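Enquirer: According to my numbering, the sequence shown holds residues -9 to 395 in order.
Let me begin by handing over the structure; questions about it come next.
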Amino acid sequence: VPDDYDGWASRGNNEWSFKKLLPFFRKLESDQDFSDDWHGNNGPIPVRRNQRDSLTPDQVAFYDACLALGYPECEDHNNPDGWGVGPLPLNDVDGLRWSTAIGYIEPIRHRMNLTIRGDSMVHRVLFEDKRAVGVVVESGGETFEVTGDEIVLSAGPIASPQLLMLSGIGPATHLAEFGIDSLVDLPGVGQNLRDHPSVHIAYKTPPDYVIAPDYPGAQKVALRYTAPGSDAHLDMITVMRFRYETSEAVLSTGLYLERSSGELRLQSADADVQPYVDYNYLSDESDLRRLRDGLKLNMELAKEQNFSGVIGELVHPAPGIADDEDALNLWIRQNVGTMHHASGTAKMGPDSDLMAVVDQYGRVKGVDGLRVCDGSIMPDCIRANTNVTIMMMGERVADFMRNEL
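Quick look at the structure:
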């Protein structure tokens, strides 16, 4: 959604406008269905969409139910103007998700100027005065130092802020609780935790409804729309999947632009101890309202004739809960979960933003020689799955680094 990136730019990150980022989106992908100004065709990551004749009956039923309720057909969810129901763009080929390990690393792992060391645990960043010079690593029962002219943390929105705090960069009073000397007092480290919260309803499928175990997988089709009364364009997503272990049809609604935000805090100065993650879901009333309305929409979809023979009785939530708004609100709070799209915990921003952790080039404020490049530097979560955006961010920051050499 172009507004996401233009929103980043409006917060003092002018290098992250959609117009400036589109070439990097196109650079990374090889779209097998579209070739135009929006799509790339020569990148390392293949993109494809499941066509209608490859969908299972439950996915077709979902597709047609959305159309029956008046939502438009969307041939390409990657088109900035696209919305409605249609096949999701996926980076998989023959059932294999084409990760950056496959698309980027595998072709160049033989290079003499590249060393990849797996099964390694970084404990903290090393500094000389306020310049990052390396990291402390544990691997194979040994603890040692790896040094470099520039250090880039790409450990994700949970581990990157944890590493910053373990290295003395973060809220000074919080670090002092664990005996960590403050190198730079940056209150924004670990704050601004964003995600895509979601809830799922489940229907028992009829006994004679069977899907072969080798079917092409779940969530090949999605409905993207704007919640009623929302001022955020395309802030909702709904998908469907079949749950084998319980023979249930599951309709999931996700909030693509939440107003709530959480935080991440240390629980120990030991890198092996996981940080405490508080998503603080639904603290903003509009988040609860939009998820509740999304659940009710899913229940309306399930009533459509298209689902005849696919969906049986509602089993989750229990019958009756959906008819009692207070009970449904409680059920949502008890069952809301993550779409695994955490972001924002070391956000980029100008010096005027006192909660910004890095500048728009990924450079950590208050020190030299250290960057962060992963979903943690997003100012806010985007209205899409984060996979392709984080690949684009890698391309963007790499371009910054090349131009500074």
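Cβ coordinates follow ideal geometry from the N, Cα and C atoms, glycine included.
Owing to the predicted nature of the structure, the values given are computational and were not obtained by experimental measurement.
Under DSSP, the alpha helix (DSSP H) around R353 begins and ends at which residues?
Expert: Taken as a continuous stretch (DSSP letters only), R353 belongs to no alpha helix (DSSP H), as it is neither H nor E.
Enquirer: When we look at the beta-carbon of D109 and count the other beta-carbons within 10 Å, is it buried (16 or more) or exposed?
Expert: By the 10 Å Cβ count, D109 comes out exposed.
Enquirer: Run through the DSSP bridge pairs and tell me what N415 is partnered with.
Expert: In the structure as shown, the chain begins at -9 and stops at 395. Residue 415 is therefore absent and cannot be evaluated.
Enquirer: Is it right to say F52 is buried, meaning 16 or more other beta carbons lie within 10 angstroms of its own, or is it exposed?
Expert: Buried, by the Cβ-count rule.
Enquirer: Does the separation of the CB atoms of G356 and R121 fall below 8 Å?
Expert: Their beta carbons are not under 8 Å apart, which means G356 does not touch R121 by this criterion.
Enquirer: Looking at the secondary structure, which residues open and close the beta strand (DSSP E) in which M111 lies?
Expert: That run of the beta strand (DSSP E) goes 111 to 118.
Enquirer: For K337, count neighbouring C-beta atoms within 10 Å of its own C-beta (all shown protein chains included) and say buried if the count is 16 or more, exposed if not.
Expert: Label assigned to K337: buried.
Enquirer: Go through its chain and collect everything with a Cβ distance to Q209's Cβ below 6 Å, but skip five positions before and after it.
Expert: If we look at Q209 and ignore the five residues flanking it on each side, its Cβ neighbours are V229, R231.
Enquirer: For a test of the three-state rule: what should DSSP assign to H164, helix, strand or coil?
Expert: Three-state DSSP puts H164 in a helix.
Enquirer: Under three-state DSSP, which class holds S129?
Expert: S129 falls in the strand class under three-state DSSP.
Enquirer: What does DSSP give as the partner residues of G310 in its beta bridges?
Expert: Beta-bridge pairing links G310 to no other residue.
Enquirer: Closer than 7 Å by C-beta to R255: which residues in its own chain qualify, once you throw out the five before and the five after it? Chain order, please.
Expert: Hits under 7 Å: H164, G180, P265, Y266.
Enquirer: Note down, in chain order, each residue of its chain lying with its Cβ closer than 7 Å to the Cβ of F24, except the 5 sequence neighbours on either side.
Expert: Result list for F24: D66, in chain order.
Enquirer: From which residue to which residue does the beta strand (DSSP E) around R386 run?
Expert: Where R386 is concerned, there is no enclosing beta strand (DSSP E), although the alpha helix (DSSP H) it sits in stretches over 377 to 394.
Enquirer: Would you say V305 and A222 are within 8 Å of each other, going by their C-beta atoms?
Expert: No, these two residues do not count as a Cβ contact at 8 Å.
Enquirer: Just to confirm the assignment, what range does the beta strand (DSSP E) spanning E253 have?
Expert: It spans 253 to 255 - the beta strand (DSSP E) in which E253 sits, taken as one unbroken run.
Enquirer: With DSSP collapsed to three states, give me the class of S0.
Expert: It is helical.
Enquirer: Suppose contacts are defined by Cβ-Cβ distances below 8 Å. Is V125 in contact with V115 by that definition?
Expert: In contact: V125 and V115 (Cβ atoms closer than 8 Å).
Enquirer: Pull up the CB-CB distance for L247 and R373, whole angstroms please, since I reckon it's below 8 Å.
Expert: Contact flag correct, Cβ pair sits at about 5 Å.
Enquirer: What does the alpha-carbon distance come out to for the pair P34 and M383?
Expert: If I take the Cα positions, the gap works out to 15 Å.
Enquirer: Checking 8 Å against the spacing of the C-beta atoms, do C371 and R184 come in under that value?
Expert: Yes, these two residues count as a Cβ contact at 8 Å.
Enquirer: Beta-carbon within less than 7 Å of Y199's beta-carbon, same chain only, minus the 5 sequence neighbours each way: which residues are those?
Expert: For Y199, where only same-chain residues beyond five positions count, the Cβ hits under 7 Å are G299, V300.
Enquirer: Are the beta-carbon atoms belonging to S220 and R282 less than 8 Å from one another?
Expert: In this structure, R282 does not lie closer than 8 Å to S220 by Cβ.
Enquirer: For the pair the region 313 to 320 and the region 78 to 85, tell me if three or more CB-CB distances fall below 8 Å.
Expert: Not touching, per the Cβ criterion.
Enquirer: Could you pull out every residue in the same chain whose Cβ sits closer than 7 Å to the Cβ of N32, ignoring the five residues on either side in sequence?
Expert: Correct list, in chain order: S20.
Enquirer: Alpha carbons only, please: which of A259, S0, G365 is nearest the one belonging to V112?
Expert: With distances taken between Cα atoms, V112 lies closest to A259.
Enquirer: What does a CB cutoff of less than 7 Å around A292 pick up in its chain, not counting 5 residues either side in sequence?
Expert: Here the set comprises Y193, L241, I301.
Enquirer: Between Q152, G178, N182, which lies nearest to F168 when the distance is taken from Cα to Cα?
Expert: Considering only alpha carbons, the answer is Q152.
Enquirer: Give every residue of the same chain whose Cβ lies closer than 7 Å to the Cβ of I98, excluding the five residues on either side of it in the sequence, and list them in chain order.
Expert: The residues are L104.
Enquirer: Cα-Cα, which of C64, E253, K286 is closest to R42?
Expert: Nearest option by C-alpha distance: C64.
Enquirer: For I227, which beta-bridge partners are listed by DSSP?
Expert: Bridge partners of I227: R214, G244.
Enquirer: Going by DSSP, which residues form a beta bridge with T328?
Expert: P187.
Enquirer: Looking only at its chain, what residues have a beta carbon closer than 8 Å to the beta carbon of G310, apart from the 5 residues adjacent to it on each side?
Expert: Contacts found: A317.
Enquirer: Leaving aside the five residues before and after L11 along the sequence, list all residues of the same chain whose C-beta is less than 7 Å from its C-beta, in chain order.
Expert: The answer, listed in chain order, is Y(-5), M382, R386.
Enquirer: Counting along the chain, where does the beta strand (DSSP E) carrying G178 start and finish?
Expert: Premise fails: G178 is in no beta strand (DSSP E) and is neither H nor E.
Enquirer: If we ignore side chains and look at the alpha-carbon of each, how far apart do S144 and P196 end up?
Expert: Near 46 Å, if we compare the C-alpha coordinates of P196 and S144.
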